[in-house]
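Note that our numbering has the sequence shown beginning at 353, numbered continuously upward.
What follows is a single structure, written as structure tokens, with notes after it.
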Amino acid sequence: MSFLPLRKIFLFLFFTTALASCVTKKKFDDLSARKSKLDLDIAACEKAMARVQAERKSLAAELAELQSTNQKMVKDSTETGVALRKTRKLYAELNGTYDKLIKNHERLMSNSASESTRLSADLARREAELLTSKNQIDKLSADLKTREERLNEMERVLAEKDKAVDNLRNKVSNALLGFKSNDLTVNVKNGKVYVSLSEQLLFKSGSTKVDPKGQEALQKLAQALRDQQEVNVLVEGHTDDVPVSKGTMGMKDNWDLSVLRATEITRILTSAGLTPERVTPSGRSKYVPVAQNTSADQRSLNRRTEIILTPKLDELFQILEKN
């Protein structure tokens with residue numbers, strides 16, 4: 353999708369209005385500034401669409417991994433089916449032997465008492481083997497049915513989980529659509545939705561107090577998550593490798609800075625309506641960078657807060673834990 357037609361419309365309206373009204377230079381400057389802002393907003397939308405496409409690719413990789421688990425269960429079921437067919441074959445062979453023994457028994461009834469006793473014992477043993485085989489067949493049939501039911505249930509839960517993650521990402525992306533792409537991104541990874549917010553959106557350097565623009569983004573995120581009761585929220589604070597200045601608000605190092613920032617964001621989210629039981633703050637300091645700390649631009653990427661949204665998968669885990 354492209355926003356080029358929208359850009360052309362804005363430019364057309366802008367220049368038509370400017371030429372038709374013969375505006376003063378001040379008004380013309382004001383309109384030029386508004387045009388620049390619209391250009392930035394359009395660029396942000398284009399970048400957001402590119403991220404969504406990347407997220408879908410990540411989700412497809414996760415689906416492939418889960419499908420591999422399905423294939424293993426299908427293989428197990430296939431092996432059970434092979435065992436079932438072998439047992440049925442044995443059952444048929446034993447049935448044939450049983451019929452032959454009956455005929456032999458009738459033919460040899462006139463033989464000696466010792467021979468008759470031996471044949472009776474053999475017949476009883478064969479009957480016991482037949483009963484055992486029948487019980488094995490019944491057990492294998494029941495086990496095969498149970499495995500098939502588990503496979504069907506897992507496929508249903510996986511489809512629901514994929515749909516839930518996709519809907520959650522779309523809802524969060526729509527709620528945060530008005531923010532710049534270099535300040536805020538929404539990605540899907542390992543079945544979770546990652547909302548990454550830059551330091552420049554949330555905090556001043558070395559501060560743990562969230563700026564008004566950052567508070568607005570967090571409140572919109574909380575509003576989008578209020579009715580998502582099956583989603584847990586993990587708030588991770590991240591820093592670059594530059595040590596905290598000595599005596600900065602009582603902080604000793606980047607651990608303190610990342611934890612305090614995550615805790616402050618947690619307070620804003622819960623104050624905006626999320627239940628505290630769903631939100632967990634954590635600090636990762638400098639140890640989970642997304643870029644090399646070799647330049648100012650790369651360090652700015654590492655100074656971020658990641659809000660990780662994880663749908664509850666209790667139903668899927670219960671299926672996997674069944675014997």
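Backbone N, C-alpha and C fix where the C-beta goes; we use that ideal spot for every residue, glycine too.
Supposed close pair residue i, residue j - CB separation, criterion 8 angstroms
| i | j | result |
| --- | --- | --- |
| residue 655 | residue 590 | 7 angstroms |
| residue 446 | residue 545 | Not a contact, Cβ separation roughly 58 angstroms. |
| residue 510 | residue 418 | 5 angstroms |
| residue 554 | residue 566 | 4 angstroms |
| residue 404 | residue 525 | 7 angstroms |
| residue 478 | residue 449 | 6 angstroms |
| residue 659 | residue 536 | The pair is not a contact, with the Cβ atoms about 10 angstroms apart (cut-off 8 angstroms). |
For residue i: DSSP bridge partner residues
| i | result |
| --- | --- |
| residue 584 | 662 |
| residue 633 | 587 |
| residue 546 | 539, 660 |
| residue 562 | 555 |
Residue i: CB within 7 angstroms of a non-hydrogen atom of the ligand NAD
| i | result |
| --- | --- |
| residue 612 | The ligand NAD is absent from the structure shown, which contains no ligand whatsoever. |
Buried versus exposed call for residue i [16 or more other C-beta atoms within 10 Å across all chains shown]
| i | result |
| --- | --- |
| residue 353 | Low confidence applies here, because residue 353 scores a pLDDT of 49, under 50, leaving its location unreliable; read the following figure in that light. With fewer than 16 other Cβ atoms within 10 Å, it is exposed. |
| residue 667 | The predicted model places residue 667 with a pLDDT of 49, which falls under 50 and marks its position as unreliable, so this point remains unresolved. |
| residue 620 | buried |
| residue 579 | exposed |
| residue 640 | exposed |
| residue 454 | exposed |
| residue 408 | exposed |
| residue 497 | exposed |
| residue 531 | buried |
| residue 653 | buried |
| residue 444 | exposed |
| residue 556 | exposed |
| residue 527 | buried |
| residue 336 | Only positions 353 to 675 of the chain appear in the structure, and residue 336 is not among them; the question remains open. |
| residue 627 | exposed |
| residue 618 | buried |
| residue 657 | buried |
Contact with chain D by residue i, beta-carbon distance below 8 angstroms
| i | result |
| --- | --- |
| residue 419 | No chain D appears in the structure shown, which is made up of a single protein chain. |
Beta-carbon proximity of residue i to residue j, cut-off 8 angstroms
| i | j | result |
| --- | --- | --- |
| residue 614 | residue 635 | yes |
| residue 569 | residue 549 | yes |
| residue 490 | residue 411 | no |
| residue 560 | residue 601 | yes |
| residue 457 | residue 471 | yes |
| residue 610 | residue 558 | no |
| residue 592 | residue 651 | yes |
| residue 522 | residue 414 | no |
| residue 428 | residue 499 | yes |
| residue 520 | residue 663 | yes |
| residue 533 | residue 385 | no |
| residue 342 | residue 439 | The chain is shown only over 353 to 675; residue 342 falls outside these bounds and no answer can be derived. |
| residue 603 | residue 503 | no |
| residue 575 | residue 624 | yes |
| residue 676 | residue 547 | Outside the displayed span of the chain (353 to 675) sits residue 676, for which this structure offers no information. |
| residue 432 | residue 518 | no |
| residue 606 | residue 595 | yes |
Unbroken beta strand (DSSP E) runs of length 3 or more, entirely within the segment 432 to 499: which are they?
Counting only unbroken stretches of 3 or more residues, no beta strand (DSSP E) element lies wholly within the segment 432 to 499.
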